[in-house]
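Undergrad: These protein sequence lines are chains H and X, in that order. Residue numbering for the first sequence follows the numbering used here, starting at 1 and increasing by one per position. Residue numbering for the second sequence follows the numbering used here, starting at 1001 and increasing by one per position. By construction, the Cβ of each residue, glycine as well, lies at the ideal position given by its N, Cα and C atoms. Everything numeric in this text was worked out from a predicted model, so none of it was measured. Just passing along the structure, written as structure tokens.
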Amino acid sequence: MKLTKPGKVSIIIVGLFISTLWLFPMWDIQLGAPQYPDGLSMQIWINDITGDVDIINGLNHYIGMNTIHKEDFKEFVYLPITMMVFILLGLIVLLLNRKIYYYIWTGIFIVISLVSFYDFYMWEYDYGHNLDPNAPIKVPGMAYQPPLIGYKKMLNFDALSQPHIGGWFYLLAGVIMVTMCYYEWKKSKTVAL
Amino acid sequence: MNKLLKYALLVFSTFTILHSCKMKTTESVVTGTAATKAYVAPGEYDEFYNFVSGGFNGNVSVYGLPSGRLLKMIPVFSVFPENGYGYSEETKAMLNTTAGQVPWDDQHHLSISMTDGEQDGRWLFANANNTPRVARIDLTTFKTAEILQLPNSAGNHSSPYLTENTEYVIAGTRFAVPIGEQQDVPISSFKENFKSTISFISVDKDHGSMNIAFQIILPGMDLDLSRGGKGPSKDWFFFSTYNTEQANTLLEVNASEKDKDFIVAINWKKAEEYVKSGKGKKMKVEYAHNTFDEETQQAYSKIENEVTVLTLEDYKDMVYMIPCAKSPHGCDVNPTGEYIVGSGKLAALIPVFSFDKLTKAIAAKDFEGDYHGIPVMKYESVLHGEVQKPGLGPLHTEFDGNGNAYTSMFLSSEVVKWNVESLEVLDRAPTFYSIGHLCIPGGDTKKPWGKYLIAYNKITKDRYLPTGPELAQSAQLYDISGDKMELILDFPTVGEPHYAQGIMASVIKDKSVKFYDIAKNKHKYVTMGEKNARVVRTGNRVDVYMTAIRSHLAPDNIEGVYVGDEVYFHVTNLEQDWDIPHGFAIKNNPNAELLIMPGETTTLKFVPQKAGMYPFYCTDFCSALHQEMQGYLRVSPKGSNVPLRFGIGESAPGVAVK
């Protein structure tokens, strides 16, 4: 069945929203401690990490955490490619103009999102658990896995992890797609064959 | 019997009443709101930076107002072992003079750079009295950037004072001395041979670099405090003088003979034009010029050997003398630039001169004679008026921007507030004790901030807890925003403040450098990164390229150094964050320590005299593992064949089997 007008428009909107990932960071991590009155922060982009990365790396070596370098992340190559392909697929869906393709397209989005979050979680796990055995400061049983999302206290640091502007647009895109799928499906029930 | 009783009662009651008459003490001088006015709550900032001269400690101290808290000591003319100033290879040259490296001086006065008569907070100029020099301090780094020695001068007290737009820093000599080739003359030949010199130091608009543009030679007398004109009088400079009697001995008596000395008015703009047009002679004389280059992080000392000099024959219409009562100490120009206040320290009045009247009198040639060829103005023709019975011993006047003047009275130990136009005395506030100078932030510029006044006193006695015979100098902070002056804080100061400058914190605080960008470090011996840490021998000179980062010094094991070697530790602080300095010191080094800021490279020299083991370590608490930040230098006897080896961790000598 053909897509509704709102359905077709939503593909454009979703494409634009996902494009913001190239303009704004996806994710934001804030760190606070008494000795850092201005706070420390790190922004994760679709293809980069910015913020107080050098200072955080300097602090990390005390507790044996790995240093963070842009070059270490293959994700910064795969993710931009994946997103560009996804947007192109959206345009193809728009041309083919069939509801079924829209449902598949949304499904692909959900899979990409789940894989991304899982990857982020695994990276944070490794980063927080895989510590240098010769680290100067060793707190028995302590792991420094940053929160996937939300607040956590680690030693003298408060950590807050949340989506940044690009991330919010991405999530919003997902919400639009899922809502549109339901709308399309509802509409398909009421249209005369 | 009755009479006797009455008499006894009378005597008894008199004594009781007299005993209960107490004189006013401080408790009754301070009102209830003083505490809140002087209090700066934790986490809040002071409103003003207060740069205070160190006097006989040779440095400049920085206080916050209104809290009176000491924020920093800036080393300028004295060695400062605390951070290695004057000891490190990079800063030694700053204290170089034609008499060698001079480790101390007497720092009296300060001036903050101005643009159009308003403070711009770029540089702070400071004078050295004993070995005449002027320093320029960079107010983004709070470090001494340049020191220029002054030839033909002695007792550089009348210094440093600025023209309205910081075109020149002016420095006048206190002592008249013989200048030129023949200086070995009898002291009693003062009148014939001794001269007074005023140096005009040009300041580069962009970089601040100083150079002596020209000097003016005056007949021998003592020059005292001076001020640049403002607004209408901006092309002029005014000096107070004393000992125009030209005495060379027992000045206490002989220099106080004449009823009036002078204020010397100099049209510096005309002098500048004369020099440009080729007037004046080039005189051969040596003086040191030291500059700290921020890029290479190194001080360079150069000996200049020539100066342009203007003498009496050159200037016919640029110097005039205005009679001023009794050995004036101070000479201050009000914010509009119209009034010039002379403070005769032995006088019982304050004369106020009018610039408008001065220019008219000069045009009308209204002179009453001449002083060694310099025209002397008729006192009444230039006078605006005299402040009558202000107090005893006026020294220094500043202004609040509301038409009021505040003069310090050394002998009557008070600050007197008076109106510049009407010459009426409006208020008096006692100081504890014997005020020398006072400071109103911006009070010597076109735009004073008329909120606070600080009195810098010469006698402390019982103001604070006693600390043996040698006491800190006392200072009092007054709120002058109302009609009457209100004492709000009493605080001790370091060294002996002679003068101070205050500036609104917002002008400086956001430009303050937090740390140095290591990518911009062009020091000759910088070590970019720990992998480049190494030790290099050239003959009997050993250069240690060392890095410091939390929490280790690299290399931290060094062998193969011999007795008598000249060892240079070049330590680079690799940190790139706020407030992470590292220190460096090595055992038995007759030298000071180093404090290295993030991104900096600093060098400490060590010449070991005995074979043995010399630990070195970081002296500034930098991290949780600061105590672990250490190393060893092995010194072997001269001629031994211990090879030069160095390293840290796995690369330390002896760990790896070679």
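Can you confirm whether Asp1510 of chain X, when its beta carbon is compared against all beta carbons of chain H, has any partner nearer than 8 Å?
TA: Chain H, which has no Cβ nearer than 8 Å to the Cβ of Asp1510 of chain X, makes this no.
Undergrad: Suppose contacts are defined by Cβ-Cβ distances below 8 Å. Is Val1052 of chain X in contact with Ala1500 of chain X by that definition?
TA: Cβ atoms of Val1052 of chain X and Ala1500 of chain X: closer than 8 Å.
Undergrad: Does the pairing of the stretch 65 to 73 of chain H with the stretch 1554 to 1571 of chain X give three or more beta-carbon distances under 8 Å?
TA: Judged by Cβ distances under 8 Å, the stretch 65 to 73 of chain H makes no contact with the stretch 1554 to 1571 of chain X, as fewer than three pairs qualify.
Undergrad: Where Leu96 of chain H and Tyr144 of chain H are concerned, what is the direct C-alpha to C-alpha distance, given to the nearest angstrom?
TA: Rounded to whole angstroms, Leu96 of chain H to Tyr144 of chain H spans 48 Å at the Cα level.
Undergrad: Contact defined as beta carbons within less than 8 Å: I believe Ile1198 of chain X pairs with Gly1172 of chain X. What is the distance between those atoms, to the nearest angstrom?
TA: Right, the Cβ-Cβ distance comes to about 5 Å (below 8 Å), so this counts as a contact.
Undergrad: Could you check the C-alpha separation between Ile1454 of chain X and Leu1438 of chain X for me, to the nearest Å?
TA: Straight-line Cα distance between these residues: approximately 5 Å.
Undergrad: Could you name the residues of chain X that Ile55 of chain H contacts, counting a contact when the two beta carbons are closer than 8 Å?
TA: Going along chain X in sequence order, the residues near Ile55 of chain H (Cβ under 8 Å) are Gln1576 and Asp1577.
Undergrad: Going along the chain, which unbroken runs of the beta strand (DSSP E) with 3 or more residues stay wholly within the stretch 1574 to 1633 of chain X?
TA: The stretch 1574 to 1633 of chain X contains these whole beta strand (DSSP E) runs: 1582 to 1586, 1594 to 1596, 1601 to 1606 and 1612 to 1617.
Undergrad: Would you call Leu1010 of chain X buried or exposed, if buried means 16 or more other Cβ atoms sit within 10 Å of its Cβ?
TA: Exposed, by the Cβ-count rule.
Undergrad: My assumption, with CB atoms under 8 Å, is that Asp1259 of chain X sits in contact with Lys1326 of chain X. Please give the rounded CB distance.
TA: Sure, about 7 Å apart at Cβ, within 8 Å.
Undergrad: What are the boundary residues of the beta strand (DSSP E) that Leu1065 of chain X is part of?
TA: Leu1065 of chain X -> beta strand (DSSP E) spans Val1060 to Leu1065.
Undergrad: Please work out which residues of its chain come closer than 7 Å, Cβ to Cβ, to Ser1188 of chain X, disregarding the five sequence neighbours upstream and downstream, and give them in chain order.
TA: For Ser1188 of chain X, where only same-chain residues beyond five positions count, the Cβ hits under 7 Å are Asn1248.
Undergrad: Would you verify that the beta carbon of Ile68 of chain H is, or is not, closer than 8 Å to some beta carbon of chain X?
TA: So, not an interface residue.
Undergrad: I need the straight-line Cα distance from Lys1024 of chain X to Gln1476 of chain X, nearest angstrom please.
TA: Low local confidence applies: a pLDDT of 47 at Lys1024 of chain X is under 50, so the model's placement there is unreliable, and no value is given.
Undergrad: With which residues is Trp123 of chain H paired in a DSSP beta bridge?
TA: None; Trp123 of chain H has no bridge partner.
Undergrad: Which complete beta strand (DSSP E) runs does the stretch 1410 to 1489 of chain X hold, if anything under 3 residues is left out?
TA: DSSP runs (the beta strand (DSSP E)) wholly in the stretch 1410 to 1489 of chain X: 1414 to 1419, 1425 to 1430, 1435 to 1439, 1452 to 1457 and 1473 to 1479.
Undergrad: Please list the residues of the stretch 1545 to 1567 of chain X that have a C-beta atom closer than 9 Å to any C-beta atom in chain H, keeping them in chain order.
TA: So the list reads Ile1549, Arg1550 and Ser1551, given in the order they occur along the chain.
Undergrad: Whose Cβ in chain X lies nearer than 9 Å to the Cβ of Tyr62 of chain H?
TA: The contacting residues are Arg1550, Ser1551, Ser1623, Ala1624 and Leu1625.
Undergrad: Give me, in chain order, the residues of the same chain whose beta-carbon lies closer than 6 Å to that of Phe1410 of chain X; leave out the 5 immediate sequence neighbours on both sides.
TA: These residues qualify, in order along the chain: Gly1393, Leu1395 and Ser1434.
Undergrad: Given that a residue counts as buried once 16 or more other Cβ atoms are within 10 Å of its Cβ, and exposed if not, what is Ala1429 of chain X?
TA: Buried.
Undergrad: Assuming the contact rule is C-beta atoms closer than 8 Å, Ile1350 of chain X and Thr1407 of chain X should be a hit. Round their C-beta distance to whole Å, please.
TA: Ile1350 of chain X to Thr1407 of chain X, Cβ: 6 Å. Contact.
Undergrad: Report yes or no: is there a C-beta of chain X within less than 8 Å of the C-beta of Val150 of chain H?
TA: Here residue 150 of chain H turns out to be Gly, not Val, going by the sequence shown. No, Gly150 of chain H does not count as interfacial toward chain X.
Undergrad: Which value, in whole angstroms, describes the spacing of the CA atoms of Asp1579 of chain X and Pro1232 of chain X?
TA: Whole-angstrom Cα-Cα distance: 46 Å.
Undergrad: Anything in the stretch 110 to 136 of chain H with a Cβ closer than 9 Å to a Cβ of chain X? List those residues in chain order, please.
TA: Per Cβ criterion, the list reads Pro136.
Undergrad: Contact criterion: CB-CB distance below 8 Å. Does Gly58 of chain H meet it with respect to chain X?
TA: Yes, because at least one Cβ of chain X sits closer than 8 Å to the Cβ of Gly58 of chain H.
Undergrad: List the residues that DSSP assigns as beta-bridge partners of Cys181 of chain H.
TA: Per DSSP, none; premise fails for Cys181 of chain H.
Undergrad: Pro1590 of chain X to Phe1606 of chain X, Cα distance in whole Å?
TA: Each residue's alpha carbon lies about 8 Å from the other.
Undergrad: Is there contact here, the stretch 1542 to 1557 of chain X with the stretch 1484 to 1499 of chain X, by at least three beta-carbon pairs under 8 Å?
TA: Short answer: they don't touch.
Undergrad: Take Val1040 of chain X and list the residues in its own chain whose beta-carbon comes closer than 6 Å to its own, dropping the five residues that flank it on each side.
TA: Hits under 6 Å: Asp1046 and Ser1067.
Undergrad: Does the beta-carbon distance from Leu1148 of chain X to Arg1133 of chain X come in below 8 Å?
TA: Contact flag set, yes.
Undergrad: Can you tell me the Cα-Cα spacing of Glu1600 of chain X and Ile56 of chain H, whole angstroms?
TA: Answer to the nearest angstrom: the Cα atoms are 21 Å apart.
Undergrad: State the DSSP-derived secondary structure class of Ser1158 of chain X, mapped to helix, strand or coil.
TA: Ser1158 of chain X falls in the strand class under three-state DSSP.
Undergrad: Is it the case that the stretch 1570 to 1577 of chain X contacts the stretch 1527 to 1534 of chain X, given that we only count it when at least three CB pairs across the two stretches are under 8 Å?
TA: The stretch 1527 to 1534 of chain X, when compared against the stretch 1570 to 1577 of chain X, does touch it at the 8 Å Cβ threshold.
Undergrad: By the three-class DSSP mapping on this structure, what secondary structure does Glu1027 of chain X have?
TA: With a pLDDT of 49 at Glu1027 of chain X, under the threshold of 50, the modelled position of that residue is not reliable, and the figure given next carries that caveat. In this structure, Glu1027 of chain X counts as helix in the three-state DSSP scheme.
Undergrad: Taking the alpha helix (DSSP H) that Gly90 of chain H falls in, what are its first and last residues?
TA: From DSSP, the alpha helix (DSSP H) with Gly90 of chain H extends over Glu75 to Leu96.
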